[in-house]
Amino acid sequence: MRTDSTKYTNFTGWIDPPDDVRPALDGDLTCDIAVIGGGMGGMAAALRLAERDQDVVLLESEFCGYGAASRNGGQIAGAPGGDLRMLSIQSPKKMPVMAKLAENAGRYVEELMRRHEIDCDYVANGLVWGAVSPLMMLRVRTQAAILRAFGGNGTVGNREELGLPAGFVGGMRESIGGMLNPGKLARGVRRALLASSAKVFERSRVSDVRRTGGIVELTTPHGTVRANKVILATNAYGGEWDITPKNLATPLYVIEIESEPIAPERLAELDWTSRCGIITQHQLMTHYRLTERNTIVCGVRKAQRGQTFPLPDRVPDPAVVEDMGKDLARRFPTLSDVSIERAWGGWIGISPDWLSIAGQVGDNVFYSMACNGHGLCQVPYVAHQLADYVVDGEMSDDLAGIWSNTSKYPPSMSLLMQPFVLRAVWALDRFNDFFNGSRTLARRALRRGRRGVA
């Protein structure tokens, strides 16, 4: 696919920036609970605290929804992400909890949309773990069996049964969740938050977090917040402060691309009848989805590691975008002449065990980390549960199952996700694609498309 006219941005392609950005903090104030971060997690926590009549302040470095809308393919997942084979060995006690948490998180976001009347093009058609070769289909079946063993649900089927494009063998469709516009979802949650009693300050980057006696002091360029309790809802950015548990999040820069609008008759040739979003079972998963505006969005494929804090604000690398365009052309050969209209990217955080985690440091600093590339619903759900715990001191079963009271995590992901390792994994995925038959399937899709045109 052509990338010569691609528009590059550091904000999402799903939606335009808001025209009502709230003023930055100017001066000093005190509150009972402060939330740092205005992504889906921070907004959900602050919104819940406001619903509980708490004195809450939220500080966001850009504007609320800036990060949540930029780093997601528009998928509501109802099952744990990642390699379940590895996770079941690494964290067997946590897997039943995560299977239940993932389903509850999917239902939570559906209820969030309903309660606040958020129109975000949601279609509850599930999310498919897709296989592009017979060998990958074996992995899907293994993953599905592990998921069922831990109490999760999903339907395994071939391409025709699941309504997938002709370049896929089959997959497993999750029983909960579906497709939406994540920018519209984040904007809807922001609208609900701004209408609440929470005090929201955008363009207010927190440069320091420190305890002074029993108070937590948050420093911004033009003012200070002194709070009795603080929730860190910062995804990949928390490493900027010493108070954040060490190795809580390994930052990865990921990219989304979107095609130009495609004629309906050309999309029909793909035989993508379910319009389900698809995540492949590569080591570094790639996702594909159709949108309401008749485009295809593709994401991740090649992740890049953040090395130092503060994380730089950047736009996607044109070479990576070109590679992603080539992948789309191989996966959907009949669309090889289509242009990539836009590319955007941003930082996500990977937790120490690739699963959701929450905890606290001392008596009054709480944190959650629930992204890992599949956190659009897990992030706000965990933050919502965390907000209730901060108020009541009682944990839900889901929160208790992922809870930790440590100020330092093992450096496993930090060591594993070195740049040379990520490059090697990317190369392994491409090597497997070359030999596992997926290109042959794609060529069959091309021939099928030509017959349809004829």
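Count along the sequence shown starting at 1, add 860, and that's the number in this note's numbering. Heads up, the beta-carbon is just placed ideally off N, CA and C, and yes, glycines get one too.
Separation of residue j from residue i, as counted between CA atoms
{"i": "V881", "j": "W1214", "result": "33 Å"}
{"i": "L885", "j": "S1064", "result": "6 Å"}
{"i": "R1190", "j": "V992", "result": "11 Å"}
{"i": "T1266", "j": "I1103", "result": "12 Å"}
{"i": "W1286", "j": "D1187", "result": "13 Å"}
{"i": "C924", "j": "V1060", "result": "9 Å"}
{"i": "P877", "j": "T890", "result": "29 Å"}
{"i": "A1275", "j": "I1208", "result": "Sequence check: residue 1275 is Leu here, not Ala. Roughly 17 Å between the two C-alpha positions."}
{"i": "L1007", "j": "V1198", "result": "37 Å"}
{"i": "A1055", "j": "G1048", "result": "11 Å"}
{"i": "L1127", "j": "T1151", "result": "11 Å"}
{"i": "S1216", "j": "A1179", "result": "32 Å"}
{"i": "A910", "j": "R999", "result": "44 Å"}
{"i": "Y982", "j": "E1034", "result": "15 Å"}
{"i": "Q935", "j": "L1040", "result": "6 Å"}
{"i": "K1327", "j": "P956", "result": "Residue 1327 is absent from the model: the chain starts at 861 and stops at 1314."}
{"i": "P952", "j": "A1005", "result": "14 Å"}
{"i": "P1176", "j": "Y1148", "result": "18 Å"}
{"i": "R1256", "j": "F1226", "result": "A small fix is needed here, since residue 1256 is Ser in this sequence, not Arg. Approximately 15 Å between the Cα atoms of the pair."}
{"i": "C980", "j": "S1067", "result": "33 Å"}
{"i": "V1250", "j": "D915", "result": "12 Å"}
{"i": "H1234", "j": "T1146", "result": "12 Å"}
{"i": "A906", "j": "E1020", "result": "44 Å"}
{"i": "G1219", "j": "S1264", "result": "5 Å"}
{"i": "V1090", "j": "Y868", "result": "35 Å"}
{"i": "R1001", "j": "L944", "result": "11 Å"}
{"i": "T1072", "j": "R1290", "result": "52 Å"}
{"i": "L1288", "j": "D1183", "result": "15 Å"}
{"i": "F1280", "j": "M946", "result": "21 Å"}
{"i": "R912", "j": "A984", "result": "30 Å"}
Chain C contact for residue i (CB, 8 Å cutoff)
{"i": "K1059", "result": "In the displayed structure, chain C is absent; only one protein chain is listed."}
Paired residues, beta bridge with residue i - DSSP
{"i": "R1070", "result": "E1077"}
{"i": "W1263", "result": "A1218"}
{"i": "W1286", "result": "According to DSSP, which records beta bridges pairwise, W1286 is partnered with nothing at all."}
{"i": "Y1228", "result": "Here residue 1228 is Ser; the residue named in the question, Tyr, does not match the sequence. In the DSSP output, where bridge partners are listed per residue, S1228 has A1218."}
{"i": "E1118", "result": "V1157 and R1202"}
{"i": "Q1238", "result": "Paired residues: none, contrary to the question."}
{"i": "Y1113", "result": "Q1164 and W1207"}
{"i": "L1150", "result": "I1156"}
{"i": "G1014", "result": "E1034"}
Distance CB(residue i)-CB(residue j) smaller than 8 Å
{"i": "E1336", "j": "I896", "result": "This structure leaves residue 1336 out entirely; the chain is present only between 861 and 1314."}
{"i": "G1031", "j": "G986", "result": "no"}
{"i": "I893", "j": "V988", "result": "no"}
{"i": "G1130", "j": "A1230", "result": "Residue 1130 is actually Leu in this sequence, not Gly. Not in contact: L1130 and A1230 (Cβ atoms no closer than 8 Å)."}
{"i": "P994", "j": "V969", "result": "no"}
{"i": "G901", "j": "A1123", "result": "no"}
{"i": "R1135", "j": "T866", "result": "no"}
{"i": "R862", "j": "I1115", "result": "no"}
{"i": "P1212", "j": "M1277", "result": "no"}
{"i": "Q1167", "j": "L1112", "result": "no"}
{"i": "R1051", "j": "M903", "result": "no"}
{"i": "G898", "j": "E1125", "result": "no"}
{"i": "R1083", "j": "D888", "result": "The sequence given here places Gly at residue 1083; Arg does not occur at that position. Cβ atoms of G1083 and D888: closer than 8 Å."}
{"i": "D1248", "j": "R908", "result": "yes"}
{"i": "G1222", "j": "N1095", "result": "no"}
Candidates the options, of which the one nearest residue i by Cα
{"i": "D1258", "options": "S1228, L1127, N1224 and E1034", "result": "S1228"}
{"i": "I1210", "options": "T1140, R1149, R1174 and Y1097", "result": "Y1097"}
{"i": "W1101", "options": "R1070, P1270 and S921", "result": "R1070"}
{"i": "L839", "options": "T1133, A1247 and M903", "result": "A query on residue 839 cannot be resolved here, the shown segment of the chain reaching from 861 to 1314 and no further."}
{"i": "K1106", "options": "G1011, N1018, G1012 and Y1269", "result": "Y1269"}
{"i": "G941", "options": "V1181, L1144, D1173 and G1261", "result": "L1144"}
{"i": "T1224", "options": "T1146, A1087 and P1193", "result": "Checking the sequence, you will find Asn at residue 1224 rather than Thr. Ranking T1146, A1087 and P1193 by Cα distance to N1224 puts A1087 first."}
{"i": "A939", "options": "D1252, A1284, D1183 and N1232", "result": "N1232"}
{"i": "G1205", "options": "F1192, G1185, T1194 and V1181", "result": "V1181"}
{"i": "S921", "options": "D1252, G1166 and P1170", "result": "P1170"}
{"i": "A937", "options": "L919, L947, K960 and D915", "result": "K960"}
{"i": "L918", "options": "N1018, Y868, M996 and A1093", "result": "A1093"}
{"i": "D864", "options": "D1252, R1161, G1185 and F1295", "result": "G1185"}
{"i": "F1010", "options": "K1089, G1073, M958 and Q1141", "result": "M958"}
{"i": "L1024", "options": "E971, S1264, M973 and G990", "result": "G990"}
{"i": "P1172", "options": "K954, V1281 and G1099", "result": "G1099"}
{"i": "Q1003", "options": "A1046, T1140 and A984", "result": "T1140"}
{"i": "A1046", "options": "V1016, L972 and N1013", "result": "L972"}
{"i": "F1294", "options": "G1261, H1142 and P1279", "result": "H1142"}
{"i": "H976", "options": "P883, L1053, K954 and T1015", "result": "L1053"}
Heavy atom of the ligand ADP within 7 Å of residue i beta-carbon
{"i": "V1076", "result": "Within the structure as shown, the ligand ADP is missing, as the structure has no ligands at all."}
Using 8 Å as the threshold, is the stretch 1075 to 1089 in touch with the stretch 1230 to 1247, meaning 3 or more CB pairs across them?
Contact between the stretch 1075 to 1089 and the stretch 1230 to 1247 is absent, because fewer than three Cβ pairs lie under 8 Å.
Would you say the stretch 913 to 931 touches the stretch 872 to 879, given that touching needs at least three Cβ pairs under 8 Å? In this structure the stretch 913 to 931 lies against the stretch 872 to 879, because at least three pairs of beta carbons, one per stretch, are closer than 8 Å.
- Message: I want to know whether the stretch 1104 to 1123 touches the stretch 1144 to 1163 - three or more CB-CB distances under 8 Å.
- Response: Yes, the stretch 1104 to 1123 touches the stretch 1144 to 1163.
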